[in-house]
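Novice: Chains as they are written, first to last, in full-length UniProt numbering: chain A, 1 to 510; chain B, 1 to 239; chain C, 1 to 80; chain D, 1 to 111.
One structure is given below, represented as structure tokens, and several questions about it will come after.
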Amino acid sequence: MDIRILLLILVPLGTAFLIPFIDLINAKLRRFFVLLGILLESYLIISIIINNFQQLKNGEFFLQYYLGGWHPPLGITLAMDALSLVFAVITALSLFLIVIYSIGYIGHHEGKYYVLYFLIAAASMGAILTADMFNIYVFIEMLTITSGALIGFKRTQEASAAAIKYLIYNVLAGLLFFLGVLIIYFNLGTLNMADISQNFASLESGIQLFISAIFLTAILIKMGIFPFLFWLPKSYDTAPSPVTAVLSGVLSKVYIYIFIRIFWTVIGFETLEALNLNVLLLDLALLSSFFGHVFALQSNNIKRLLGYSSIGHIGMITAVIMLNTEAGFYGGLLHIISHMFMKAGLFVACGYLLQYTRSHAYRDFKGVGIRNRSVFIAFIALLLSMIGMPPLLGFASKWYVLMAFLEARSYFGAFIVIFGSLTAVIYYLRYIAKGFEEVKLTEDDLKEEIYSRPLLSVLYREKIVSFITYAYTAIIVGFGLGFRFFDLPLRMSIESLMNVERYIELVLGG
Amino acid sequence: MNKLMKKIMISVVLTGVAFALYQNFSLMPEYQGLNEGLSNYIIKSGLNDTGSLNLITAVLYDYRAFDSLGESTVIFGAVSGIVLILSRKMLPVSSKGLSFIVKRALGIMTPFIALFGFYVITHGHLTPGGGFQGGVILAAISIIFSIVYGSAFDYRRYSPQTKTLFETGGALTFLGLGLAGILMEGAFLQNLGFLTAETGTLISAGSIPYINIGVGFKVGAGLAIIFYSMIQKTFEEDF
Amino acid sequence: MAVLEIILVIFLVFSALMAVYFDEELISIIFLSIFSLVLTALYLLHKAADVALAEAVIGAGLNTAIFMSAISQIRHGDSD
Amino acid sequence: MFNNLIFIILFMLGFYALIMKTNLIKNVIGLNLMEAAVFFWVIAFSDIGGEVAIHKMGEEVTKFNDPVPQALTLTGIVIGASTAALLLTLIIELNKFSGTIDRDQLEGLND
């Protein structure tokens with residue numbers, strides 16, 4: 001019973017509930033309050049790490065909380081092992097950086113924006129920490145609704161259309177998830193993840209296949225893997241930059257976490273292997289990665305391009321995790337971390353760079369680099385990291401992914417990694433070149449452009465926005481030099497991931 | 001031609017999906033209730049554990065109360081999103097509403113509808129119903145008012161600020177009862193033992209009725225806000 | 001009991017079919033509301049009182065009101 | 001068996017409306033039908049011929065219907081209603097700009 005892991009969910013939730021009150025009292029206090037909430041959240045994470053550092057080192061780290069005092073399998077249990085800790089830390093760090101960025105970026109409807117933002121924070125923390133299947137469903141729906149509303153934040157035709165598409169796909173996925181949870185309940189009579197995991201092997205193989213297929217469909221839609229990727233680029237394009245950074249930096253990683261939890265801890269990889277689903281999934285993920293990079297090549301819009309490249313990277317991560325080897329997990333988890341920082345950083349930088357352009361299209365990218373030289377250099381550094389240039393974090397993670405594929409003799413996978421890097425060189429260089437193209441603008445042209453753009457993209461505090469971009473670049477460069485820093489947490493989380501029996505024992509017995 | 005091909009292809013896919021689903025569902029063994037596990041325990045000792053006659057309420061607000069907190073948070077998020085997307089500064093100036101007779105009749109009926117709503121909320125642990133259902137009934141009063149009296153009537157009496165206050169108040173009640181559970185009993189959302197009275201009376205079942213009241217206000221105010229945000233634009237055009 | 005259930009199920013499928021079949025949104029919504037009411041009766045037959053109450057107030061009451069208020073402000077045909 | 005068939009008919013009707021109808025409101029109706037199909041199946045499947053899961057004072061009932069799926073379904077219904085409201089809101093907002101809710105016409109307008 002460690003109350004801090006409960007507070008990790010309750011602090012953002014309480015902040016979201018209190019913001020309308022603060023608005024009624026004095027709207028100027030809101031920003032202070034938002035900062036207080038996110039700082040408290042970071043403090044909780046840091047104190048969990050510091051207090052349990054010794055256990056973390058010995059591989060014994062495990063915290064849990066029984067909600068309502070009901071011990072499992074009766075009530076809902078929150079559980080945190082090393083894998084959840086890694087995801088919680090990177091999620092909290094991303095949320096922290098993006099909140100500060102939002103303070104500089106969002107100038108309209110701030111109250112509702114922060115309410116939805118903190119609900120996303122609470123829901124992603126909840127989805128990471130909970131050890132109960134139905135609770136995951138509730139948090140997934142929370143993520144869907146809040147992020148769907150935020151995609152429509154700009155209130156233009158494209159934004160509404162993208163949000164509708166996003167919501168329809170994701171509500172469908174949520175419905176399938178609900179069906180899957182209920183079928184598990186009808187067969188096993190429990191909702192606790194550890195309890196299900198213990199008894200799942202005793203089911204008939206037909207029902208095992210059915211449940212796996214339903215969860216697979218639901219989660220593949222959520223992650224944007226090949227047959228169901230069509231909602232993703234549009235919603236990435238039309239959402240405001242901080243929201244896109246949350247979507248690609250936090251949400252997709254939370255869904256990958258849920259994917260790992262369900263298919264390793266709950267259903268079990270042996271079951272997947274017995275049903276021959278793992279080969280299918282591996283090929284599907286690689287195909288998705290291939291298509292993502294190919295679509296990115298023909299895209300003429302920087303944010304949509306980054307969305308397609310996200311599809312490529314998430315497909316690659318899923319594929320390398322599906323290898324189910326230690327090297328595969330190491331590369332996959334490292335690439336999750338690095339992709340989280342790189343993509344969020346790129347979207348954050350885009351929010352700054354595209355403030356003076358009419359649209360996100362390629363032709364409007366002209367001269368962007370000359371006008372904001374230092375931020376554009378940071379942007380280029382992030383792009384090079386995406387490609388995989390040696391001193392940066394992207395190189396380290398891609399190297400491990402490549403090694404994992406070669407070790408497992410999955411040459412198609414290795415080909416996809418290299419293919420992704422090569423195409424990325426082509427499509428990013430185009431934009432870098434365009435950014436440095438000279439543009440002759442008179443004062444009047446500039447004025448006209450400023451007045452023609454939608455009001456919401458006006459930056460109020462440019463300094464904060466550019467500072468966060470530099471912070472992301474610093475993270476990429478710093479951790480790229482010292483990527484050994486992630487060695488201990490990754491080893492711990494792989495150990496806790498592979499050792500399912502220990503998880504079951506700790507959740508049910510502790 | 002292209003459209004016809006698309007239609008045929010999708011029909012084939014739909015039939016395939018339907019057939020696959022049917023095959024898989026027929027694999028499911030007939031459900032006979034479970035002799036062990038969650039439901040068996042709840043049916044056997046749910047009444048003793050929680051003091052709530054209605055076992056569904058016991059599951060919703062005691063065993064799995066955290067889910068209900070998440071669920072009301074979903075409504076909270078939906079309300080925030082809808083208000084964000086549809087926020088317009090235009091005050092809805094109304095049509096005149098329906099005829100005098102309807103207005104009088106509604107005037108007589110309204111207290112009874114409200115009473116029924118409060119009954120459903122407060123008797124959640126004794127009879128079918130609870131915070132969610134009762135909250136929707138309370139929101140329905142607001143909706144009926146806007147239809148019968150014209151939309152400005154309800155809007156002037158209960159401003160959006162009041163509704164927001166009710167909504168966040170309800171949510172914070174839920175959260176506060178959960179925190180009280182930590183302080184008094186030792187776990188978040190644990191049933192408050194000192195509130196328990198004789199089973200079957202109105203003030204029994206620990207904190208369940210109070211959570212119900214909080215959820216009822218939250219849901220009622222939230223859904224009323226959703227409805228009012230959605231009808232606003234019509235009046236903008238009437239000007 | 002069984003006869004009542006079969007009649008209700010036939011009504012249920014019929015109203016769902018009609019809700020999908022008609023192109024006019026208003027008629028669809030009315031059939032959706034009827035669908036919810038029939039579903040409420042079926043829930044009662046299956047001894048799920050709480051769910052029946054929820055379906056009655058949310059499905060037949062609130063959803064209809066929200067759908068109606070949505071279609072009341074949707075313009076057709078004039079794209080600008 | 002009977003309930004499975006109804007579930008599949010309703011689910012496929014909803015899926016048909018979601019995929020084939022170009023009207024966005026009809027798509028939301030389809031989504032609602034699919035949700036209702038799932039919830040109906042859950043309730044019908046968990047019905048084992050017992051009583052409503054509510055104790056009555058002074059009466060001993062031996063066989064109850066399972067209360068847990070009903071509680072979960074209740075959660076699902078409420079979540080479904082709020083998603084439907086959000087979707088309709090976005091449709092209103094979309095219609096304000098484009099003047100149409102037809103998916104085919106919107107494809108032409110967007111890109």
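Backbone N, C-alpha and C define an ideal beta-carbon position, used for all residues, glycine too.
For a contact defined as C-beta to C-beta under 8 Å, what are the partners of F134 of chain A on chain B?
Specialist: Along the first sequence, read from residue 1 onward, the residue named residue 134 of chain A stands at position 134. The contacting residues are R64 and D67.
Novice: Taking 8 Å as the CB-CB cut-off, is Y41 of chain B touching chain D?
Specialist: Taking the second sequence and counting its residues from 1, one reaches residue 41 of chain B at position 41. So, not an interface residue.
Novice: Which residues share a DSSP beta bridge with Q64 of chain A?
Specialist: Counting from one through the first sequence, the residue named residue 64 of chain A turns up at place 64. Beta-bridge pairing links Q64 of chain A to A:A79.
Novice: Against chain B, does V42 of chain D count as a neighbour if the rule is that its beta carbon must be under 8 Å from one of theirs?
Specialist: Counting from 1 along the fourth sequence, the entry for residue 42 of chain D is found at position 42. It does not; no Cβ of chain B falls within 8 Å.
Novice: Can you list, in chain order, the residues of the segment 181-206 of chain A whose Cβ is nearer than 9 Å to any Cβ on chain B?
Specialist: Answer set for the segment 181-206 of chain A: I183, Y185, F186, N187, L188, G189, T190, L191, N192, D195, E204 and G206.
Novice: Going straight from the alpha carbon of A85 of chain D to that of N63 of chain C, what length do you get?
Specialist: Position 85 of the fourth sequence, counted from the start, is the residue given in the question as residue 85 of chain D. Position 63 of the third sequence, counted from the start, is the residue given in the question as residue 63 of chain C. If you take the alpha carbons of A85 of chain D and N63 of chain C, they lie about 8 Å apart.
Novice: State yes or no: is the beta carbon of Q298 of chain A nearer than 8 Å to at least one beta carbon in chain D?
Specialist: If you number the first sequence from 1, residue 298 of chain A lands on position 298. No, Q298 of chain A does not count as interfacial toward chain D.
Novice: Considering I58 of chain C, what are the terminal residues of the alpha helix (DSSP H) in which it resides?
Specialist: The residue given as residue 58 of chain C occupies position 58 in the third sequence. Neither: I58 of chain C is in no alpha helix (DSSP H) and is coded neither H nor E.
Novice: T423 of chain A versus chain D: which residues are under 7 Å apart at the beta carbon?
Specialist: Within the first sequence, numbered from 1, the residue matching residue 423 of chain A stands at position 423. Going along chain D, no residue has its Cβ under 7 Å from T423 of chain A, so there is no contact; the nearest lies around 22 Å.
Novice: According to DSSP, simplified to helix, strand and coil, what is D132 of chain A?
Specialist: Taking the first sequence and counting its residues from 1, one reaches residue 132 of chain A at position 132. If DSSP states are grouped into helix, strand and coil, D132 of chain A belongs with the strands.
Novice: For Q55 of chain A, I'd like the list of residues in its chain whose CB is within less than 6 Å of its CB, leaving aside the five on either flank, ordered along the chain.
Specialist: By one-based count along the first sequence, residue 55 of chain A stands at place 55. Once the five neighbours on either side are set aside, the close Cβ partners of Q55 of chain A are F61.
Novice: Just the C-alpha distance for D102 of chain D and L24 of chain D, rounded to the nearest angstrom, thanks.
Specialist: The sequence position of residue 102 of chain D within the fourth sequence is 102, counting from 1. The sequence position of residue 24 of chain D within the fourth sequence is 24, counting from 1. Going by the C-alpha atoms only, they are around 6 Å apart.
Novice: Could you name the residues of chain D that I30 of chain C contacts, counting a contact when the two beta carbons are closer than 8 Å?
Specialist: Reading the third sequence from its first residue, position 30 is the one you call residue 30 of chain C. Within 8 Å Cβ-Cβ: nothing; I30 of chain C doesn't reach chain D, min ~11 Å.
Novice: When you compare only the Cα positions, how much space is there between A48 of chain C and F31 of chain C?
Specialist: As a working note, residue 48 of chain C is residue 48 in the third sequence. As a working note, residue 31 of chain C is residue 31 in the third sequence. Looking at the two C-alpha atoms, the distance is approximately 23 Å.
Novice: Could you pull the start and end residues of the alpha helix (DSSP H) that I370 of chain A belongs to?
Specialist: Translated into positions along the first sequence, residue 370 of chain A becomes position 370. V368 to R371 is the span of the alpha helix (DSSP H), which, as asked, contains I370 of chain A.
Novice: DSSP puts D195 of chain A in a beta bridge; with which residues?
Specialist: The sequence position of residue 195 of chain A within the first sequence is 195, counting from 1. According to DSSP, which records beta bridges pairwise, D195 of chain A is partnered with nothing at all.
Novice: From what residue to what residue does the alpha helix (DSSP H) around T357 of chain A run?
Specialist: To locate residue 357 of chain A, count along the first sequence from 1; it is residue 357. Unbroken run through T357 of chain A: none, as it is neither H nor E.
Novice: Do the CB positions of L44 of chain C and F40 of chain D come within less than 8 Å of each other?
Specialist: Mapped onto the third sequence, residue 44 of chain C falls at position 44. Mapped onto the fourth sequence, residue 40 of chain D falls at position 40. No, the Cβ-Cβ distance between L44 of chain C and F40 of chain D is not below 8 Å.
Novice: Buried or exposed for H55 of chain D, please, with buried defined as at least 16 other CB atoms from any protein chain shown within 10 angstroms of its CB.
Specialist: Counting from one through the fourth sequence, the residue named residue 55 of chain D turns up at place 55. Buried, by the Cβ-count rule.
Novice: Decide if the segment 147-166 of chain B is in contact with the segment 18-31 of chain B; the criterion is three or more beta carbon pairs, one per stretch, under 8 Å apart.
Specialist: These segments do not touch.
Novice: For H109 of chain A, decide whether its Cβ has a neighbour in chain B, counting only Cβ atoms nearer than 8 Å.
Specialist: Locating residue 109 of chain A in the first sequence gives position 109, counting from the first residue. Chain B, which has a Cβ nearer than 8 Å to the Cβ of H109 of chain A, makes this yes.
Novice: Determine the DSSP secondary structure at I225 of chain A, reduced to helix, strand or coil.
Specialist: Numbered from its first residue, the first sequence carries residue 225 of chain A at position 225. Of the three classes helix, strand and coil, the one that applies to I225 of chain A here is coil, per DSSP.
Novice: For a minimum of 4 consecutive residues, which ranges assigned as the alpha helix (DSSP H) are wholly contained in the segment 299-364 of chain A?
Specialist: 302-322 and 326-353
Novice: Counting only Cβ-Cβ distances shorter than 9 Å, please list the residues of the UniProt domain "MrpA C-terminal/MbhD" (10-75) of chain C near chain B, keeping chain order.
Specialist: A48, A49, D50, V51, A52, L53, A54, A56, V57, I58, G61, L62, A65, I66, S69, A70, S72 and Q73
Novice: Report the rounded CA-to-CA distance for residue 568 of chain A versus I71 of chain C, giving the unit in angstroms.
Specialist: Because chain A here runs from 1 to 510, residue 568 of chain A falls outside it and cannot be looked at.
Novice: Using 8 Å as the limit for Cβ to Cβ distance, is F187 of chain B near chain A?
Specialist: Here residue 187 of chain B is taken as the residue at index 187 of the second sequence, counted from 1. According to the sequence shown, residue 187 of chain B is Ala rather than Phe. For A187 of chain B, the answer is yes, since a Cβ of chain A falls inside 8 Å of its Cβ.
Novice: In chain D, which residues lie with their C-beta within 7 Å of the C-beta of I145 of chain A?
Specialist: The residue labelled residue 145 of chain A in the question sits at position 145 within the first sequence. S82, T83 and L86, listed in chain order.
Novice: Cβ closer than 7 Å: which chain C residues qualify as neighbours of A58 of chain B?
Specialist: In the second sequence, residue 58 of chain B corresponds to position 58, counting from 1. None at all; the shortest Cβ gap to chain C is about 11 Å.
Novice: Using DSSP with H/G/I as helix, E/B as strand and the rest coil, what is F436 of chain A?
Specialist: Along the first sequence, one-based indexing puts residue 436 of chain A at 436. In this structure, F436 of chain A counts as coil in the three-state DSSP scheme.
Novice: Could you please give me the residues that DSSP links to I54 of chain D through a beta bridge?
Specialist: Residue mapping note: residue 54 of chain D aligns to position 54 of the fourth sequence, counting from 1. Its beta-bridge partners are B:N54.
Novice: Straight-line CA distance for G367 of chain A to K96 of chain D?
Specialist: Position 367 of the first sequence, counting from 1, holds the residue named residue 367 of chain A. Position 96 of the fourth sequence, counting from 1, holds the residue named residue 96 of chain D. In a straight line, the C-alpha of G367 of chain A is about 34 Å away from that of K96 of chain D.
Novice: Using a Cβ-Cβ distance cut-off of 8 Å, determine whether Q70 of chain D contacts chain B.
Specialist: Counting from one through the fourth sequence, the residue named residue 70 of chain D turns up at place 70. Judged by the 8 Å Cβ criterion, Q70 of chain D is in contact with chain B.
Novice: Nearest chain D C-beta to S160 of chain A closer than 8 Å, yes or no?
Specialist: Taking the first residue of the first sequence as 1, we reach residue 160 of chain A at position 160. True, the Cβ-Cβ gap to chain D drops below 8 Å.
Novice: Are S204 of chain B and D66 of chain D touching if we call contact CB-CB under 8 Å?
Specialist: Indexing the second sequence from 1 puts residue 204 of chain B at position 204. Indexing the fourth sequence from 1 puts residue 66 of chain D at position 66. Cβ distance not < 8 Å, so S204 of chain B and D66 of chain D don't count as in contact.
Novice: Relative to the C-alpha of K103 of chain B, which candidate in B:L86, B:G77, B:I137 and B:I144 has its C-alpha closest?
Specialist: Sequence index remark: in the second sequence, residue 103 of chain B carries index 103 (1-based). K103 of chain B has its Cα closest to that of B:I144, out of B:L86, B:G77, B:I137 and B:I144.
Novice: Is it the case that the Cβ atoms of A224 of chain B and F17 of chain A are separated by a distance below 8 Å?
Specialist: The residue given as residue 224 of chain B occupies position 224 in the second sequence. The residue given as residue 17 of chain A occupies position 17 in the first sequence. It is not a contact, given that the beta carbons lie outside the stated cut-off.
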